[in-house]
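Notes for the one structure printed next.
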Amino acid sequence: MRFFGFRLAMFDLLTHGSAAWKKIQHRALGLLGNHRNGRSFGNGGPEKQRQSECWNLWDRPSHELDIELAINFLHLCSIITIIFLPKATLNMAALRTSSRSLMRSAAGVVGAATRSNIVAVASSSSRTAANRTISTSAARSSDSLFVHRDTDYNNPDIPFQFNEENAKMAQEIISHYPEQYKKAAVIPLLDLGQRQNSGWVSISVMNYVAKLLEMPPMRVYEVATFYTMFNREPVGQYFLQLCTTTPCMLGGCGSTKILEALESKLGIKAGQTTKDKKFTLVEVECLGACANAPMIQINDDYYEDLTPESMNNIIEKLSKGEKVKPGPQSGRHSSENAAGRTALTSEPYGPGKHCVPEFA
-6 MRFFGFRLAM FDLLTHGSAA WKKIQHRALG LLGNHRNGRS FGNGGPEKQR QSECWNLWDR
54 PSHELDIELA INFLHLCSII TIIFLPKATL NMAALRTSSR SLMRSAAGVV GAATRSNIVA
114 VASSSSRTAA NRTISTSAAR SSDSLFVHRD TDYNNPDIPF QFNEENAKMA QEIISHYPEQ
174 YKKAAVIPLL DLGQRQNSGW VSISVMNYVA KLLEMPPMRV YEVATFYTMF NREPVGQYFL
234 QLCTTTPCML GGCGSTKILE ALESKLGIKA GQTTKDKKFT LVEVECLGAC ANAPMIQIND
294 DYYEDLTPES MNNIIEKLSK GEKVKPGPQS GRHSSENAAG RTALTSEPYG PGKHCVPEFA
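Numbering-wise, our numbering puts 26 at position 33 of the sequence shown, and it's gapless, one number per residue.
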């Protein structure tokens, strides 16, 4: 009911202009003045009559609600006093606008004006500060519309089925589950289909998995659209997933330099594929190798402790069809520190060693 009262006041304001504001301000200040003088609207007289005319929307146990309303209206007055509402936006007679749509219109104008004021203040107060850009990562290959759209490369008429090797593997996976729960194999089978289908899951792959597991296709679509590991758009032969989360942004040379090196070397931006369909570059969130930052995942392998030079070297070798050893590219073993191993420097002892005789 309180919100309803606020809407009525806004409606009165937008239809009667500045006169309504003076009326609202007068009422709000009157509420505060009555409270300071120890009076409330429950004492009778003109105040009680004004209460019944204006605010008879709910039963208030005390004058505290009056004070709250007064403060709310004063805040509202200060906001609208600062922000100018064009009359053309509030032309109800011409548009025959309802109170709800009028409120939305007013909110839009207020929001636009507020944003412009914020931009003006920010620009004026940061003249001496260095400019900083705000960027967003490109869309992933898994971020397609949840609603499928048929294309010449992705439609149900394109046939798909597991090859002989993958068909045997699929049956092996399904055999791990009870007959009535074989639909639980949907994730490994989708992964198997993605690997056979050049790294992405098409609508034909989803339909085939649904038929194989005897489950509604919609259930398979739900899984494929939920997990970002399933690419629903084609990717290149080498799928480059560069981590740009905070540890990789700060660790080593920083993932920003790695991204710049990749974009320069491949001639593409994040979210794009090279013309020869060999490389697809995307930004991803944490891949769990923070101690070896910055790092990148290429297909199934991690390449860590990267520098722009080592990243370019990896791309050159992959372009030539050569194999690159995964793991740290700095020469260290696993995630050891710069000083090498400082603990567990000898082989760990087996069970029973150093035990008291009665427990040996």
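Just so you know, even glycine gets a beta-carbon here, dropped at the ideal spot from N, CA and C. Remember, predicted model here, so these are calculated numbers, not experimental data.
Hey, residue i and residue j: beta-carbon distance below 8 Å or not?
i	j	result
Ile167	Lys175	yes
Val202	Phe223	no
Ser312	Lys271	yes
Ile308	Leu252	no
Ala284	Tyr295	no
Ser257	Pro227	no
Thr267	Gly229	yes
Would you please state the rounded distance, in angstroms, between the beta carbons of residue i and residue j? I believe it to be under 8 Å.
i	j	result
Asn148	Ile196	7 Å
Ile289	Leu299	6 Å
Pro301	Lys346	Not really, about 48 Å apart at Cβ, beyond 8 Å.
In or out: residue i buried (at least 16 other Cβ within 10 Å) or exposed?
i	result
Leu209	Note on identity: in this sequence residue 209 is Pro, with Leu being the wrong assignment. Burial call: exposed.
Met304	buried
Gly343	exposed
Glu351	exposed
Thr237	buried
Glu340	exposed
Arg225	buried
Ala297	A small correction: the amino acid at residue 297 is Glu; Ala does not occupy that position in the sequence shown. So Glu297 ends up on the buried side.
Ile111	Low confidence applies to Ile111: its pLDDT is 44, below 50, so where it sits in the model is not reliable, and the reading given next is rough at best. So Ile111 counts as exposed.
Leu337	exposed
Ala123	For Ala123, the pLDDT reaches just 43, beneath the cut-off of 50, and the residue's location in the model is therefore unreliable, although a value from the coordinates is still provided. Ala123 comes out exposed.
Cys241	buried
Lys80	For Lys80, the predicted structure reports a pLDDT of 42, less than 50, and the residue's modelled location is therefore unreliable. The matter cannot be settled from this model.
Could you work out which residue in the options is closest to residue i when comparing CA atoms only?
i	options	result
Leu235	Thr338, Ala286, Glu340, Phe153	Ala286
Leu206	Ser191, Gly229, Asn190, Ile180	Ile180
Leu233	Val202, Leu274, Lys262, Trp193	Leu274
Asn306	Lys262, Phe153, Gln322, Gly345	Gln322
Gly355	Val198, Leu243, Glu172	Because the chain spans -6 through 353 in this model, residue 355 falls outside it and cannot be assessed.
Ala355	Val213, Gln189, Asn200	Since the first residue shown for the chain is -6 and the last is 353, residue 355 is missing from the structure and cannot be characterised.
Thr221	Asn190, Ser248, Gly245, Leu183	Leu183
Val277	Thr239, Tyr146, Lys318, Glu172	Thr239
Leu243	Tyr231, Lys262, Val216, Cys279	Cys279
Pro319	Leu337, Asn330, Asp293	Asp293
Gly245	Ala331, Leu337, Pro171	Ala331
Phe139	Ala217, Gln164, Gly333	Ala217
Asn200	Glu172, Lys310, Ala163, Phe153	Phe153
His388	Gly247, Lys316, Glu215	Nothing can be reported for residue 388, as the shown portion of the chain is limited to -6 through 353.
Arg188	Tyr170, Asn159, Lys316	Asn159
Starting from residue i, follow the beta strand (DSSP E) in both directions and report where the run begins and ends.
i	result
Asp145	No beta strand (DSSP E) contains Asp145, which DSSP labels as neither H nor E.
Thr273	272 to 277
Tyr231	231 to 236
Ile291	289 to 291
With a threshold of 8 Å between beta carbons, is residue i in contact with chain D?
i	result
Met208	Any reference to chain D falls outside this structure, which holds one protein chain only.
Tell me where the alpha helix (DSSP H) around residue i begins and ends.
i	result
Asp294	Where Asp294 is concerned, there is no enclosing alpha helix (DSSP H), although the beta strand (DSSP E) it sits in stretches over 294 to 297.
Ile196	196 to 206
Gln164	157 to 167
Thr249	248 to 259
Met211	210 to 219
Glu172	Looking at the DSSP string, Glu172 is not in any alpha helix (DSSP H), and its letter there is neither H nor E.
Gly264	Careful: Gly264 lies outside any alpha helix (DSSP H) and carries neither H nor E.
Met304	301 to 312
Gln187	179 to 189
Pro239	A quick correction: the sequence has Thr, not Pro, at residue 239. Run containing Thr239: 239 to 243, per the alpha helix (DSSP H) assignment.
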